[in-house]
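Protein chains in written order, with the numbering used here: chain A, 91 to 453; chain B, 91 to 453.
This is the structure:
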C-alpha cells in the first residue's frame, strides 16, 4: 500500500518526518490502520503503524497479533510488554523531530502518552490529509466496495419473499444479516435497521419486539462489510396495501433520490447535491420532513470521513469518490420512507453501485 | 440513571463542576453515553451528554436523534447546526469553571474544539473514575448481560449439529450470527470468529473461504449484544476424530480454565488469576503457547475498561464485576484451543454466566 502512504504525505502542506497511526481498544480502532496496511481482517488493538514519506510502513504489534500481521508486507515489530513497546518506538523515531497524527482517530489519553514519551517532538494534525486521500478510492478499494454492494443487492431483492404477517422486526433483521453473511459478507457493516410502521419515522431506530401488521411501512437499512469495505442500502416496502399518503411519500422520496443522483458529477460541490434534493422536498407537502443529510462518503468506514451531502459541505466531487444517496421523509406517529443507494462519482455523472429495484413494492 | 452519574462523581478525587461525554462519528462513539443515559439502542453520532453531580443529565443531540433521545428521562436539547450547538453548550456551561472529560473516549480533535470554545476552563481526565464505576455492574446491567449470555449458550449447544463436512468457515459464522439474532440478540457483539484447522492458531483470525476437513479444530468465538450489553464465549470442537496432541491441548486448556475460575473471588488481585493460569500452562508441554491475557472485563463494551486478567494488573476483584476467563494454547501450523466463559465475581468465589458444555466434543 505504498501508493496510499505516499498520497497521504503528498496531501500534507507542512510535511512531518513520519506519521503515526495508533489503535486504542475497541471501539477506538483507527480504520486508517487497515487503509495503509491493506490488512483485510483482524482488530489490532493497541497496534501502531508508522508511515514514512517513501511509502514504507513499520508495524508495531502485540504478540497476539503477530501471526495476523504477517499478511502485510510491512516490517513487523512485536512487543511483549510496555518496556518493549517504548524501546521499539524510541528506536523507530530516533532520528526524527516531528510526527504527524490523525487527531480525529487518536484519543486524548493516547496522545498525552505519546507526547510524554516524545516531549521534544512537534505533533501535526494530518487527519484532513488522510480524509482527502481516502475520499478518492483506488482500484482495490472499488473492487471490495463493489462486492459489498453486490451482496446487499441480492439481499434487497429477497426481502419481499422473507417478510410475512406477524413477523417481528428482530426476525427480519436476523434474516437480512444471515443472507448477507451467506452471500459472502464478513459481517454487517452496522446494526441492521428493520423498522415497521411508525418506528420507521426514527432514522436511527434499529429493530425491536414489534410485530408486522397490515398497512405498515417496512424500512430496511443494512450494509455488508467485505474485506473491511462497506456497502449501505435502504429499501422501504409497504406490507399489504399502501394508503394514498404512503404512495405520495414514496413518490416524493423516489423523485428526490433521482434528483440527487442526477446532480452528482465530478466538479460540483457536495452541497449542491443536498440543496437540489432538499429544495425539491421543501416544495412538496413533506416540507421540513427531511431531517438528515442526503448522503455520506462510504468506504472502509460506513461514514467514511466527515464528507457529507449537506448544505454546509464545500467538498468538490471528484472521480472515484463513493457516496450514498439517501433522501427520506419522516412523519412521527405515521412512519418514514428512505431510499438509499451507493454511487460512484464519474467525470460526467455517476454510476449506481447498488441496483436492486427501487419501485414501490407492496408485499 | 442518576445513581450511575452520582457514582462517577463519587469516584473522582478532584471533582469537576460538570462532566461532558462527547460522541464523535462512528466508530468513535463513547459507550459511556449509553451507560449514563440508559439508552439501549441507537448511535447518537455527534451527541453530547452533560452530567451534573446531583445525577441529572442534559442531552444535546442533532435533530436526527430527537425521537430516539426521548426514550430517556434526561432533558433534551436539539441542535440544527453548529451555531445552535455552540449556544446550547455555552448556555449549559455558563456558570461553571471546570469540566470533566473522558480522555480515553474523546478524540484529540474533538478535545481541541471544546478547549477552543471554553478557553478559560480547566479540563480533568475522569476516565479512570468512569472505568472504576463501570467495572462493578448494577442490577439492570446484570440482567442484560445474563440475557446476552443465555443467547450464546443456546447457540454454543447447537454448533455440533450445524457443522458439517466441507462447510466453509464463513458459512459457520453466518449460522452462528443468525442463531444469536433469532434468539434475541440485537446484533453480534463483535465479528464472529469461526476458524478451522491451523487458522485457529491465530487468536484474532475471524473467518474466511476455508473448507472444513477431518481432524480440524473448529474454534468459535462469538458474542451476543443485548440492549447494548455483551456476552463473549469461545468453544473449540474437533471435527471427526481428535489426535492425541489435540486431546492433550484441550485437556490442558480446560484445566487452565478451571484454575482461572477457581482463583476468582472478591478481594484478590486480577493478576493472581492470570498468574495461576499462566504458571500452570508454563509447567506443561505447551510452555510459551499461551500468548494473551486470561480475560477482560465485560459489559457495555466487549473489552469493558482496560481491566484484564494479566500479570501487570493491580485491579482488585469486587463483587458484581463481570470478566471473561479464556485461556488458550496456540501452535502455529497446527491450530489452537481456547475455552472462554463469562463469570460474575462473588464474595467468596465466582458464578459462571455462560454454562454450555465445556467437554471435548468430536463432531
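Yeah, the Cβ is synthetic: ideal placement off N, Cα and C, and Gly gets one too. Predicted, not measured: the structure shown is a model, and the values here were computed from it.
query: Looking at the C-beta of residue 236(B), does it have a partner C-beta in chain A at a distance below 8 Å?
result: no
query: Can the beta-carbon of residue 428(B) be found closer than 8 Å to that of residue 324(B)?
result: yes
query: Candidates 312(B), 421(B), 384(B) and 301(B): which alpha carbon is nearest residue 278(B)'s?
result: 312(B)
task: Could you tell me which residues DSSP puts in a beta bridge with residue 169(A)?
output: 152(A)
message: Buried or exposed, going by whether 16 or more other CB atoms sit within 10 Å of the CB of residue 335(B)?
response: exposed
message: I'd like to check one pair, residue 178(B) with residue 141(B): are the Cβ atoms closer than 8 Å?
response: no
query: Can you tell which of 116(A), 109(A) and 107(A) has its C-alpha closest to the C-alpha of residue 392(B)?
result: 116(A)
task: With DSSP as the reference, label residue 185(B) as helix, strand or coil.
output: coil
- request: Determine the chain A residues that contact residue 411(B) at a beta-carbon separation under 8 Å, and present them in chain order.
  value: Those do not exist, as residue 411(B) stays about 17 Å from chain A at its closest Cβ, beyond 8 Å.
- request: Measure the CB-CB distance between residue 235(A) and residue 106(A) and report whether it falls below 8 Å.
  value: no
field: Distance, residue 361(B) Cα to residue 131(A) Cα
entry: 30 Å
message: List, in chain order, every chain B residue whose beta-carbon is nearer than 8 Å to that of residue 199(A).
response: 193, 194, 215 and 217
- prompt: Mind listing which residues of the stretch 102-118 of chain A have their C-beta closer than 9 Å to chain B's C-betas, in chain order?
  reply: 114, 115, 116, 117 and 118
- request: On a CA-only basis, which of 373(A), 208(A) and 342(A) is nearest residue 181(A)? Give me that one, please.
  value: 208(A)
field: Local conformation of residue 390(B) per DSSP, three classes
entry: coil
query: Should residue 336(B) be flagged as near chain A, meaning a C-beta pair shorter than 8 Å?
result: no
message: Can you give me the C-alpha to C-alpha distance between residue 320(A) and residue 413(A), rounded to a whole angstrom?
response: 11 Å
- prompt: residue 441(A) to residue 434(A), Cα distance in whole Å?
  reply: 5 Å
query: Could you give the C-beta distance for residue 221(B) and residue 395(B), rounded to a whole number, given that I count them as a contact under 8 Å?
result: 4 Å
field: Rounded straight-line distance, which links the Cα of residue 367(A) to that of residue 249(B)
entry: 48 Å
- request: Along the alpha helix (DSSP H) that carries residue 362(A), what are the first and last residues, could you check?
  value: 360-372
task: State the CB to CB distance for the pair residue 168(B) and residue 187(B), rounded to an integer number of angstroms; the pair is presumed to be in contact (CB under 8 Å).
output: Not quite, the Cβ-Cβ distance comes to about 27 Å (not below 8 Å), so this is no contact.
task: Return the CA-CA distance between residue 308(A) and residue 257(A), expressed in angstroms with no decimal places.
output: 11 Å
field: Residue burial classification, residue 305(B) (beta-carbon count within 10 angstroms, cutoff 16)
entry: exposed
query: Apart from the five residues on each side of it in sequence, which residues of its chain come closer than 7 Å, Cβ to Cβ, to residue 322(A)?
result: 279, 313, 388, 392, 414, 430 and 432
task: Along the alpha helix (DSSP H) that carries residue 249(A), what are the first and last residues, could you check?
output: 229-252
- request: Would you please verify whether the beta carbon of residue 131(A) is less than 8 Å from any beta carbon of chain B?
  value: yes
- prompt: Contact between the stretch 332-348 of chain A and the stretch 416-428 of chain A: three or more CB pairs below 8 Å?
  reply: yes
field: Beta carbon proximity, residue 319(A) to chain B, threshold 8 Å
entry: no
message: Which residue marks the beginning of the alpha helix (DSSP H) containing residue 269(A), and which one marks its end?
response: 259-272
message: For a quick check, are the C-beta atoms of residue 216(B) and residue 191(B) less than 8 Å apart?
response: yes
field: Any chain B beta carbon closer than 8 Å to residue 292(A)
entry: yes
- prompt: So is residue 379(A) buried or exposed if we call it buried at 16+ other beta carbons inside 10 Å?
  reply: buried
- prompt: To the nearest angstrom, how far is it from the Cα of residue 288(B) to the Cα of residue 303(B)?
  reply: 11 Å
Residue 347(A) vs residue 399(A) beta-carbon contact at 8 Å: no
- request: Check whether the Cβ atoms of residue 446(B) and residue 265(B) lie closer than 8 Å to each other.
  value: no
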